[in-house]
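The letter at position 439 of the sequence shown is residue 740 when you use the working numbering, and the numbering goes up by one with no holes.
C-beta atoms are modelled at their ideal positions from N, C-alpha and C, and glycine is treated no differently.
Keep in mind it's a predicted model, so treat the numbers as computed, not measured.
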Amino acid sequence: MRRMGFMREAFRSGNRYVVRLALVAALGGFLFGYDTGVISGALLFIGKDLNASEFDEQAFVGALLIGAVIGAMLAGWAADALSRRRTKIIAGAIYVLGALGSALAQTSPELIVARFVLGLAVGTASFVAPMYISELAPKNIRGGVTGFNQLMIVSGILAAYVVNWALKDAPNNWRWMLGLGALPGLGLAIGMYLLPYSPRWLMGKGRREEAHEVLCTVREDPGEVDEELDEIEKESREEGGLREAIAPNIRPLLVIGVVLAVAQQLIGVNTVIYYAPTILKFTGLGSGSAITQALSVGITNFLFTVLAIMLLDKIGRRPPLIAGTIGCIVALVALGIFFSSSSLQHDASWIALVCLIVYIASFAVGLGPVFWVMIAEIFPLPVRSAAMSASTVGNWAANFLVSTFFLSLVDAITREGTFWLYAGFGVLALIFFVARVPETKNRSLEEIGRELGATETDSPHATPA
Ligand code: BGC
């Protein structure tokens, strides 16, 4: 039977509610992108206004990433104890507080604290959003709608670039740049208040009636709801927590989650996202053209994420992951060759931009969405929160290290050395993905959990070991 395209499936009347719900839940992803992206432009003006030292400026960036590590840790507990829904309402409220606090800060330490508070919400929302969406979505569109979260992350980054550009000459501009994040935060808190609990969380709390009601609103065929609830019930009887997440049968999955998380960062994506203008300036461009060209990186990221969403339920998660990682490696090697040749830099500076575009397009179809989609799918329900939280903590910690030390790394091992190092991490990751990462397309979360979590040897494409 020919499979219908994601768009057609997603916009069939029965699935429209799931799509709306995913868009609201993914506002957390939008803020993740906005708050990480906006600081690069805001920094140009904060420095003078608050009399900030270089250390302060690094702290404005780093405090959010450290907050995100801690937020991701706490949210593992909150998603189970308080529910995915309430955790996201709280994250929305913290986004509002953090944005207003940043906009009103009068001193550097105040701004550092406000950015740390924002980070708590970023870390929380970064995995509770895909978790909540994947637990409500029907399996035939789950990859695409869970991928909305990545689409919202990249939209947030793009929105930040546009806001920075639009406000560059406005009075008090950095306060507006940072403060505007309060609006989507409010939208997230109110939106989540109006949305239902995850049926899988309800079943974990023994609230079958309510879970039944919610599932009926998000499934086209009510006949299948009882069968799905029975499956969830079987799984939710088991104990779950960090101890269970590192038990021998789950450990191989945790390794997959953490390797995907760390690989996503060690391949250098945020040096491209946060430093694209700097990298382009290395080629001799002036600041103005570097910022304009960097915008094309943001737009490419957005367009290829849309493509990924259309592909994930059609061709699966593994093919884009593997092809995308190969694309990133090729682009990184080429970027290294470019920076090692002074004649290329002199005669063909356009090569750097082409490499950055190929790199971000490859990331956008592969590791970008696939990491967040897969960690919401591979873990059995009882350990899902703890294991997703551990993977997300790995992601933010690696993000902190890579983005904080990028410029020092360039000083220590040269530009070409830095890009080749990222390519080397890419090759290691690729070998691991080919050998270990399973396909999860079009299977229920319970089927995936049973198959992958039950034994150490059974897996459709690979053997998690
Ligand atoms: C990553 C972020 C990154 C973004 C770029 C996300 O999947 O987790 O660290 O900034 O993609 O598109």
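Which value, in whole angstroms, describes the spacing of the CA atoms of residue i and residue j?
i    : j    : result
K389 : G492 : 10 Å
F417 : E525 : 44 Å
I749 : V455 : 28 Å
A698 : P523 : 43 Å
L351 : A406 : 9 Å
G448 : G334 : 14 Å
P739 : G669 : 17 Å
E511 : G444 : 25 Å
A483 : A548 : 41 Å
M453 : K349 : 32 Å
K582 : L654 : 11 Å
V423 : A369 : 6 Å
G402 : S644 : 49 Å
I679 : L554 : 7 Å
V414 : K615 : 44 Å
S745 : V671 : 17 Å
A766 : R737 : At A766, the pLDDT of 33 sits below 50, so the modelled position is not reliable; the number obtained from the coordinates is stated separately. Approximately 8 Å between the Cα atoms of the pair.
L398 : V464 : 20 Å
V728 : I600 : 26 Å
S499 : V515 : 8 Å
V519 : R317 : 9 Å
M504 : A595 : 46 Å
S384 : L344 : 36 Å
F331 : W466 : 18 Å
P485 : L459 : 15 Å
D527 : C517 : 10 Å
C656 : I533 : 45 Å
L567 : L604 : 23 Å
I442 : M432 : 14 Å
R386 : L496 : 8 Å
I661 : N602 : 6 Å
G338 : G587 : 21 Å
G457 : E411 : 24 Å
H762 : P621 : The predicted position of H762 is uncertain, since its pLDDT is 41 and thus under 50; a value taken from the coordinates is nonetheless stated next. Cα-Cα distance, rounded: 15 Å.
D759 : L753 : Because the pLDDT at D759 is just 40, under 50, the model does not fix this residue reliably, and the value given afterwards should be weighed accordingly. D759 and L753: Cα-Cα distance of roughly 6 Å.
L710 : I676 : 30 Å
F706 : G542 : 33 Å
E529 : Q451 : 27 Å
Y494 : A649 : 53 Å
I652 : Q646 : 8 Å
Is the beta carbon of residue j closer than 9 Å to that of residue i?
i    : j    : result
V446 : A323 : yes
L682 : R501 : yes
S590 : V631 : no
Y462 : G585 : no
S427 : G329 : yes
V674 : R751 : no
L487 : G420 : no
D357 : S409 : yes
V607 : F720 : no
V666 : L612 : yes
A609 : F726 : no
T579 : L708 : yes
L479 : A360 : no
A373 : T425 : yes
A404 : W477 : yes
Under 8 Å by Cβ, that's how I've got residue i and residue j pegged, so tell me the actual separation to the nearest angstrom.
i    : j    : result
I623 : F734 : 6 Å
V362 : T572 : Not really, about 12 Å apart at Cβ, beyond 8 Å.
A430 : A490 : Rounded, the Cβ-Cβ distance is 13 Å, inconsistent with contact.
G628 : V598 : G628 to V598, Cβ: 14 Å. No contact.
V684 : E545 : 5 Å
I367 : F701 : 6 Å
V320 : P439 : With a Cβ gap of about 11 Å, V320 and P439 do not count as contacting.
E536 : E310 : Their Cβ separation, rounded to whole angstroms, is 26 Å, which puts E536 and E310 out of contact at 8 Å.
Could you tell me whether any Cβ in chain B is nearer than 9 Å to the Cβ of residue i?
i    : result
G488 : No chain B is present in this structure, which holds just one protein chain.
Exercise. Decide if the region 363-380 is in contact with the region 675-689; the criterion is three or more beta carbon pairs, one per stretch, under 8 Å apart.
Key: yes
Practice problem: For the region 703-722 and the region 637-644, state whether three or more C-beta atom pairs, one from each stretch, are separated by less than 8 Å. | Solution: yes
Quiz item: Are at least three pairs of beta-carbons, each pair with one atom in the region 550-570 and one in the region 692-700, less than 8 Å apart?
Solution: yes
Self-check item: Inter-stretch contact at 8 Å, needing at least 3 Cβ pairs: the region 472-491 / the region 353-368
Solution: no
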